[in-house]
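Please read the structure below before turning to the comments.
Residue numbers (our numbering), protein chains in the order written: chain A, 18 to 366; chain B, 68 to 294.
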């Protein structure tokens, strides 16, 4: 009897597996999902007024088998919130084939049942613009109500800035230059992440300007699927130094119907500090250049790390900010061409 | 009577139109730019004072540039330019001779970049150094002089150079050549070397840039020449 039960169990699994293998449904998102009116996700017996935003690919044995569909549409406003069911539907029985979203309710395929959360639908409709994540589940049933296959897709709209964010460092945090751990929230649907970072050259520069300025320190470094990385360890285009302010952004790569789109989180800024108090290279170059005129107590303050780079402001005669790098280049040039120097002076406060 | 008045009027007009543009008050040059420490004398018998932009030099005026300093003069007569580099002493004279104006620039020592506008047939322009007298009509280059010898780097035009003590020792050189003449009248002419070209380029640097590095304890300042 025990042997018979085991055999029956294995046979059942095999039959189910075989049923699944021979009958499949795939939900494939197509087109520009950003043009979808979220309010229309509530399927008012038709999606015909909306652009085609998914295709259902049905393979059955035999071909064109009588099937019906059940579907569920969920939505969450951001990645940290939970899904809420927007609507569910059931269709009549029809011959399985490949159909587009706008054929649902607009062909021989009719809805026999539609249920929706009216308050949620109203909320979504009021948002208007696509936002958040939409989850669509479809199940394909035989006419005898056996589930043949199902599929699930998430549509992520390119505006969930509040849901995809850097969790560390904190904005304006001071971080040890040798151990800058950067982590961020996982973005559902992301196939990978890239990191970009650059120095904030001055306080009047915006974070975006800093990121978009030339020669970024970290230039779209591919971190794969990781959501945490030590920025101190990854390869950089140039060195960074303690006292500098660094702007960093994480870019999620999202595959939408075969097209990889980029979604940036809000950039954050952090400040580098040195735990071992090595003298910043820029400060050192200033000390070296002006050694004959800088008072000893100021040299000591620099060498001891008491004077930080961010306490120094460099401007030209027009009041324009000069970056540490520019100054370093100028000082190096003048070291080689001392004949160009007209005057150096120090005016104590 | 009416005819007489017309003649007087026409004579006055022709005098106004065709008279040499000799500056009023014998103003010869104006200080156009100063870098660091420059001293001037308005005329031969004036006191030395610190130069200011817009300062007028008269006949016999003097410019003294200290270390790392320079002065840019514009000549009133024809807007010729003289850039007087550091550690230079220059005296400038201008006199009316016949129908023309003679401008003489004496370089006791130092380096002067010149861009002299083309002179009319009646006018004359010369540089006088301890070892040479160089006559030009419209040209540009650099003169570098001390008590022993004079180097002239001629970029454009033509220049006639003669020994100050023995005018029979003379030569005319064209642009692209360097001339060296000493107190004994020995003259050597050669084409520009790369070093000569660099010397000219460096002499042309008159613009400066200042950088202020403000710390909580004081302000560091650097001023340097740029292109």
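Where is the CB? At the ideal position from N, CA and C, for every residue including glycine.
query                                                                                                                                           : result
Among B:252, B:97, B:275 and B:211, nearest to residue 159 (chain B) - alpha-carbon criterion                                                   : B:97
Beta-carbon gap between residue 214 (chain A) and residue 270 (chain A) smaller than 8 Å                                                        : no
Among A:107, A:188, A:153 and A:43, the one whose alpha carbon lies nearest that of residue 285 (chain A)                                       : A:188
Whether residue 230 (chain B) touches residue 203 (chain B) by CB criterion (8 Å)                                                               : no
Strand pairing of residue 247 (chain A), partner residues [DSSP]                                                                                : A:198
Distance between residue 275 (chain B) and residue 163 (chain B) (C-alpha atoms, nearest Å)                                                     : 37 Å
is_contact[residue 234 (chain B), chain A] using C-beta, thresh 8 Å                                                                             : no
Contact under 8 Å by Cβ, residue 296 (chain B) with residue 185 (chain B)                                                                       : With chain B covering 68 to 294 only, the question about residue 296 (chain B) has no answer from this structure.
Sub-8 Å separation of residue 95 (chain B) and residue 132 (chain B) beta-carbons                                                               : no
Cβ-Cβ distance between residue 208 (chain B) and residue 219 (chain B) below 8 Å                                                                : yes
Min CB distance residue 334 (chain A) to chain B below 8 Å                                                                                      : yes
Supposed close pair residue 154 (chain A), residue 167 (chain A) - CB separation, criterion 8 Å                                                 : 7 Å
Below-8 Å beta-carbon distance, residue 217 (chain A) vs any chain B residue                                                                    : no
Residue 138 (chain B) to residue 335 (chain A) span [Cα, whole Å]                                                                               : 22 Å
Unbroken stretches of the beta strand (DSSP E), 3 residues or longer, contained in the stretch 320–346 of chain A                               : 330–333
Residues near residue 78 (chain A) by beta carbon distance below 8 Å, same chain, minus five either side                                        : 39 and 40
Contact check, residue 72 (chain A) vs residue 115 (chain A), beta carbons under 8 Å                                                            : yes
Inter-stretch contact at 8 Å, needing at least 3 Cβ pairs: the stretch 123–136 of chain A / the stretch 93–110 of chain A                       : yes
Cβ-Cβ separation, residue 237 (chain A) to residue 260 (chain A) (assumed contact under 8 Å), whole Å                                           : Their Cβ separation, rounded to whole angstroms, is 25 Å, which puts residue 260 (chain A) and residue 237 (chain A) out of contact at 8 Å.
Cut-off 6 Å between Cβ atoms - residues of its own chain near residue 99 (chain B), not counting five sequence neighbours on either side        : 139 and 141
Strand pairing of residue 365 (chain A), partner residues [DSSP]                                                                                : B:285
Residue 281 (chain A) vs residue 266 (chain A) beta-carbon contact at 8 Å                                                                       : yes
Residue 270 (chain B), enclosing alpha helix (DSSP H) - first and last residue                                                                  : 261–271
Spatial distance of residue 263 (chain A) from residue 224 (chain A) (CA atoms)                                                                 : 9 Å
Residue 277 (chain B): contacting residues in chain A (beta-carbon distance under 8 Å)                                                          : 333 and 334
Where the beta strand (DSSP E) through residue 302 (chain A) begins and ends                                                                    : Per DSSP, residue 302 (chain A) belongs to no beta strand (DSSP E); it is in the alpha helix (DSSP H), 298–306.
Straight-line gap, residue 338 (chain A) to residue 103 (chain B) (C-alpha atoms, nearest Å)                                                    : 24 Å
Length-filtered (3 minimum) beta strand (DSSP E) runs lying within the stretch 210–292 of chain A                                               : 235–241, 245–247, 262–273, 276–281 and 285–290
Three-state secondary structure assigned by DSSP to residue 207 (chain A)                                                                       : strand
DSSP three-state assignment for residue 279 (chain B), whether helix, strand or coil                                                            : strand
Near-chain B residues of the stretch 295–312 of chain A (beta-carbon distance less than 9 Å), N- to C-terminal order                            : 303, 306, 307, 310, 311 and 312
Terminal residues of the beta strand (DSSP E) in which residue 99 (chain B) lies                                                                : 94–102
With 16 other Cβ atoms within 10 Å as the buried cut-off, status of residue 75 (chain A)                                                        : buried
Contacts around residue 48 (chain B), its chain only, beta-carbon distance under 6 Å, and the 5 residues preceding and following it disregarded : Residue 48 (chain B) lies beyond the residue range present for chain B, which begins at 68 and ends at 294; the question has no answer from this structure.
Classification of residue 282 (chain B) by the beta-carbon crowding that lies within 10 angstroms, buried from 16 upward                        : buried
Entirely enclosed beta strand (DSSP E) segments - the stretch 212–238 of chain B, minimum 3 residues                                            : 216–223 and 225–230
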